[in-house]
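**Student:** Provided herewith is a single structure, encoded as structure tokens, for subsequent inquiry.
In the working numbering, the protein residues as written are 143 to 432.
Shown next, in the form of structure tokens:
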């Protein structure tokens, strides 16, 4: 049953200036009309923005219905990513006002029961809206360290390409092509696997990647941004040693390093020969004995 009480599920693409057209195209491909399928779209897709047009990358734009004219009831809200996610904190009053309006509308829709999904750096909007505290999520690998610094309460797993925190009805993807995998997973959840398989087949995508797929499956290199932003065990250890009185947890250390807990455990053991928990105990014991 849709949010409207009948018919097709209602999907809303929440748009803002600076978003990536590729992510929006993924949403359109999966949820909108398809001449290849020769049938009506599986969902009712609506574009909304803080105005009548959202300026995207490379001079492209998308017409939209203003937020104040759209009922916040929806089955799913999709938030595309940004080419430069720093804009989610706005360098101008106009930008901040736009994103405040988008975040307020998103919180309203979520409060009314909508599932929420971010494609790539769209996760920065979810974080800014306060929806990711304690939520398992991912984002584009190049911006994982920045995301961790801005939203330390989010349970970021940067080596995942897709996540679904079912207890909170929140989905995230790592960006790029994974946004298409995310949308197909969402379509299966909304309309059933048969419809998702038909849409996938129409795009010649026979095996969408699962929620368990990890970034390292593609040999993703460490990014310069990540290395500069503490994506490094030695640098993390130095930071922890400077503040051993702080009640560090493995989750907090992983977030500080811009890694998932599993990745931190593996890299920490490789670098130090100890698990993070064991290493913390050793450091505190040495401090007490000094």
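Note that beta-carbon positions come from the ideal geometry of N, C-alpha and C, so glycine has one too.
According to the Cβ coordinates, are residue 166 and residue 190 closer than 9 angstroms?
**Tutor:** Taking the chain shown and counting its residues from 1, the one referred to as residue 166 is at position 24. Taking the chain shown and counting its residues from 1, the one referred to as residue 190 is at position 48. Going by C-beta atoms, residue 166 is not nearer than 9 angstroms to residue 190.
**Student:** Starting from the Cα of residue 380, find the closest Cα among 425, 248, 253 and 226 and give me that residue.
**Tutor:** Here residue 380 corresponds to residue number 238 of the chain shown, with the count starting at 1. Looking at the Cα atoms, 425 is the closest of the given residues.
**Student:** Report the option in 227, 260 and 206 whose CA atom is closest to the CA atom of residue 194.
**Tutor:** One-based indexing of the chain shown puts residue 194 at position 52. Residue 194 has its Cα closest to that of 206, out of 227, 260 and 206.
**Student:** Using 9 angstroms as the threshold, is the C-beta distance between residue 417 and residue 301 below it?
**Tutor:** Along the chain shown, read from residue 1 onward, the residue named residue 417 stands at position 275. Along the chain shown, read from residue 1 onward, the residue named residue 301 stands at position 159. Not closer than 9 angstroms, so no.
**Student:** Suppose contacts are defined by Cβ-Cβ distances below 9 angstroms. Is residue 277 in contact with residue 256 by that definition?
**Tutor:** Here residue 277 refers to the residue found at position 135 when the chain shown is read from its first residue. Here residue 256 refers to the residue found at position 114 when the chain shown is read from its first residue. In this structure, residue 256 does not lie closer than 9 angstroms to residue 277 by Cβ.
**Student:** In chain order, which beta strand (DSSP E) runs of at least 3 residues are fully inside the stretch 177-256?
**Tutor:** Correct list: 186-191, 195-197, 203-205 and 218-221.
**Student:** Use the C-beta contact count for residue 271: other C-beta atoms within 10 angstroms, 16 or more gives buried, fewer gives exposed.
**Tutor:** Along the chain shown, one-based indexing puts residue 271 at 129. So residue 271 counts as buried.
**Student:** Less than 9 angstroms separating the beta-carbons of residue 221 and residue 284?
**Tutor:** As a first step, residue 221 is located in the chain shown; it is residue number 79 there, counting from the start. As a first step, residue 284 is located in the chain shown; it is residue number 142 there, counting from the start. Against a cut-off of 9 angstroms, the Cβ pair of residue 284 and residue 221 comes out as no contact.
**Student:** Return the chain-ordered list of same chain residues with a C-beta closer than 6 angstroms to the C-beta of residue 421, the five sequence neighbours on each side being excluded.
**Tutor:** Reading the chain shown from its first residue, position 279 is the one you call residue 421. Excluding positions up to five away in sequence, the list reads 414.
**Student:** Look up residue 323 in the DSSP assignment and give the residues it is bridged to.
**Tutor:** Within the chain shown, the letter at position 181 stands for residue 323. Beta-bridge pairing links residue 323 to no other residue.
**Student:** Less than 9 angstroms between the beta carbons of residue 279 and residue 298, yes or no?
**Tutor:** Within the chain shown, residue 279 is the residue found at index 137, counting from 1. Within the chain shown, residue 298 is the residue found at index 156, counting from 1. Going by C-beta atoms, residue 279 is nearer than 9 angstroms to residue 298.
**Student:** Give, in chain order, every unbroken run of the alpha helix (DSSP H) that is at least 4 residues long and sits entirely within the stretch 384-414.
**Tutor:** The qualifying runs are 392-399 and 403-414.
**Student:** In whole angstroms, what is the alpha-carbon distance linking residue 214 and residue 390?
**Tutor:** Translated into the one-based positions of the chain shown, residue 214 becomes position 72. Translated into the one-based positions of the chain shown, residue 390 becomes position 248. If I take the Cα positions, the gap works out to 40 angstroms.
**Student:** Identify whether residue 303 lies in helix, strand or coil by the three-state DSSP scheme.
**Tutor:** As a position in the chain shown, residue 303 is number 161, starting the count at 1. Coil at residue 303, not helix or strand.
**Student:** How close, in whole Å, do the beta carbons of residue 192 and residue 158 come, if the pair is a contact with beta carbons under 8 angstroms?
**Tutor:** Indexing the chain shown from 1 puts residue 192 at position 50. Indexing the chain shown from 1 puts residue 158 at position 16. The pair is a contact, with the Cβ atoms about 7 angstroms apart (cut-off 8 angstroms).
**Student:** Could you check if residue 323 is buried or exposed, using at least 16 other CB atoms within 10 Å of its CB as the buried criterion?
**Tutor:** The residue you call residue 323 lines up with position 181 of the chain shown. Buried, since its Cβ has 16 or more Cβ neighbours within 10 Å.
**Student:** How long is the line joining the alpha carbons of residue 200 and residue 174, rounded to whole angstroms?
**Tutor:** What you label residue 200 is simply residue 58 of the chain shown in a count that begins at 1. What you label residue 174 is simply residue 32 of the chain shown in a count that begins at 1. About 23 angstroms.
**Student:** Hey, residue 249 and residue 273: beta-carbon distance below 9 angstroms or not?
**Tutor:** The sequence position of residue 249 within the chain shown is 107, counting from 1. The sequence position of residue 273 within the chain shown is 131, counting from 1. Yes, Cβ-Cβ distance for residue 249 and residue 273 is below 9 angstroms.
**Student:** What are the boundary residues of the alpha helix (DSSP H) that includes residue 291?
**Tutor:** In the chain shown, residue 291 corresponds to position 149, counting from 1. Segment 286-292, the alpha helix (DSSP H) holding residue 291.
**Student:** Relative to the C-alpha of residue 340, which candidate in 183, 152 and 399 has its C-alpha closest?
**Tutor:** Here residue 340 is taken as the residue at index 198 of the chain shown, counted from 1. Cα-wise, what sits closest to residue 340 is 183.
**Student:** For residue 293, which residues of its own chain have a beta-carbon under 7 angstroms away from its beta-carbon, when the five flanking residues on both sides are left out?
**Tutor:** Here residue 293 refers to the residue found at position 151 when the chain shown is read from its first residue. Contacts found: 269 and 274.
**Student:** Just the Cα atoms here: how many angstroms apart are residue 308 and residue 281?
**Tutor:** As a working note, residue 308 is residue 166 in the chain shown. As a working note, residue 281 is residue 139 in the chain shown. Approximately 17 angstroms, taken between the alpha carbons.
**Student:** So what does residue 279 bridge to, in DSSP terms?
**Tutor:** Residue mapping note: residue 279 aligns to position 137 of the chain shown, counting from 1. 298, per the DSSP bridge assignment.
**Student:** Check for me: the alpha helix (DSSP H) holding residue 424 runs from which residue to which?
**Tutor:** As a first step, residue 424 is located in the chain shown; it is residue number 282 there, counting from the start. Start and end: 418-431.
**Student:** Here's a check: name, in chain order, each residue in its chain whose Cβ is nearer than 8 angstroms to the Cβ of residue 363, leaving out the five neighbours to either side.
**Tutor:** Locating residue 363 in the chain shown gives position 221, where the first residue counts as 1. With a pLDDT of 39 at residue 363, under the threshold of 50, the modelled position of this residue cannot be trusted; read the value that follows with caution. Nothing listed; no residue qualifies.
**Student:** Distance, Cα to Cα, residue 153 vs residue 252?
**Tutor:** Stepping through the chain shown from its first residue, residue 153 is reached at position 11. Stepping through the chain shown from its first residue, residue 252 is reached at position 110. One C-alpha to the other measures close to 13 angstroms.
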